[in-house]
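Everything on this sheet refers to the single structure shown next.
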Amino acid sequence: MLTPEMVKKMTRDPLIFAMANPIPEIMPEDALAVRPDAIIGTGRSDYPNQINNVLCFPFIFRGALDCGATTINEEMKLATVRALADLAMAEVPEVVATAYKGEELRFGRNYLIPKPFDPRLIEMIAPAVAKAAADTGVARRPIVDMDAYRQKLRAGPGCLDSAPLDLSGFLPGYAERGALRFCRCVGRA
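When you line the sequence shown up against this note's numbering, it's residues 89 to 277, in that order.
Below, the structure is given as structure tokens:
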């Protein structure tokens, strides 16, 4: 547990990742009540900065499988982190803004990492992983044409690859995985 008293003692602009689910070590509103300058991430979808493995695992595996990687090494993980960082700082496309109506999706305190339904995740992370695998010699089938590979990934199925979904009405309080199950049920994923 992280108490408000502990948060009060933290340095300026404390970075708090309260990752326990469903109840984080400290609720964001409790931390912000004593430290309005806190930057907070949780595993929950009903707060800003949801940190969840859904942001990267599917795309790490996609890149690793597509190039026939024999392992997932540190360089591949670092490539993932760098791709996530680049995406977080990039301008958010309309399809993502539409899905997350009402949220400010610009890099800052409440937007440190991309949203789970950002369709750019697959086209940024999988190629970065495949390239890192090739560069480190663990790819059995290195991808030669990364632009064509990105295009293929972009054209693949996904919740946001066609008409945007408005997730604002049913996401509050629910994890994105529930929304993804919904998309699969209606044939959108």
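Positions of the beta carbon are idealized from the N, C-alpha and C atoms, including for glycine.
Handout entry: Bridge partners - GLN138, DSSP secondary structure assignment
Key = Partner(s): THR130.
Handout entry: Alpha-carbon spacing of LEU103 relative to LYS165, whole angstroms
Key = LEU103 and LYS165: Cα-Cα distance of roughly 22 Å.
Handout entry: Where the alpha helix (DSSP H) containing ALA221 begins and where it ends
Key = Segment 208-223, the alpha helix (DSSP H) holding ALA221.
Handout entry: 8 Å contact criterion, which ARG229 and THR158 should meet: CB distance rounded
Key = Between THR158 and ARG229 the Cβ distance is about 11 Å, and since that is not below 8 Å, they are no contact.
Problem - Continuous alpha helix (DSSP H) stretch holding PHE147: start and end - result: Residues 145-155.
Problem - Nearest residue (CA-CA) to GLY131, options VAL122, ALA236, ASP125, LEU143 - result: Nearest in C-alpha terms to GLY131, of all of VAL122, ALA236, ASP125, LEU143, is LEU143.
Handout entry: Opening and closing residue of the beta strand (DSSP E) in which ALA106 lies
Key = Boundaries of the beta strand (DSSP E) around ALA106: 103-106.
Handout entry: Host alpha helix (DSSP H) of ASP233 (start-end)
Key = For ASP233, no alpha helix (DSSP H) encloses it, and the DSSP letter there is neither H nor E.
Practice task
Give a yes or no on contact between the segment 175-192 and the segment 112-121, applying the rule of three or more CB pairs nearer than 8 Å.
Solution key: Output reads no: the segment 112-121 does not touch the segment 175-192.
Problem - Alpha carbon of PRO124 to alpha carbon of TYR135, nearest angstrom - result: Computed Cα separation, rounded: 15 Å.
Problem - Alpha-carbon spacing of ILE210 relative to MET177, whole angstroms - result: Taking the straight line from one Cα to the other gives about 16 Å.
Problem - Buried versus exposed, by CB contacts within 10 Å (16 or more), GLN239 - result: Result: exposed.
Handout entry: Contact the segment 146-158 vs the segment 188-208: 3+ CB pairs below 8 Å
Key = Using a C-beta cut-off of 8 Å, the segment 146-158 makes no contact with the segment 188-208, since fewer than three inter-stretch Cβ pairs fall below that distance.
Handout entry: ARG197 and ILE127 closer than 8 Å at C-beta
Key = In this structure, ILE127 lies closer than 8 Å to ARG197 by Cβ.
Practice task
List the DSSP bridge partners of ALA227.
Solution key: DSSP, once it has assigned bridges, lists ALA157 as partnering ALA227.
Handout entry: Cutoff 6 Å; reference ALA216; Cβ partners in own chain excluding five residues on either side
Key = Excluding residues within five positions, the ones whose Cβ falls inside 6 Å are ALA167, ALA171.
Handout entry: N-terminal and C-terminal residue of the alpha helix (DSSP H) that LYS165 is part of
Key = It spans 162-177 - the alpha helix (DSSP H) in which LYS165 sits, taken as one unbroken run.
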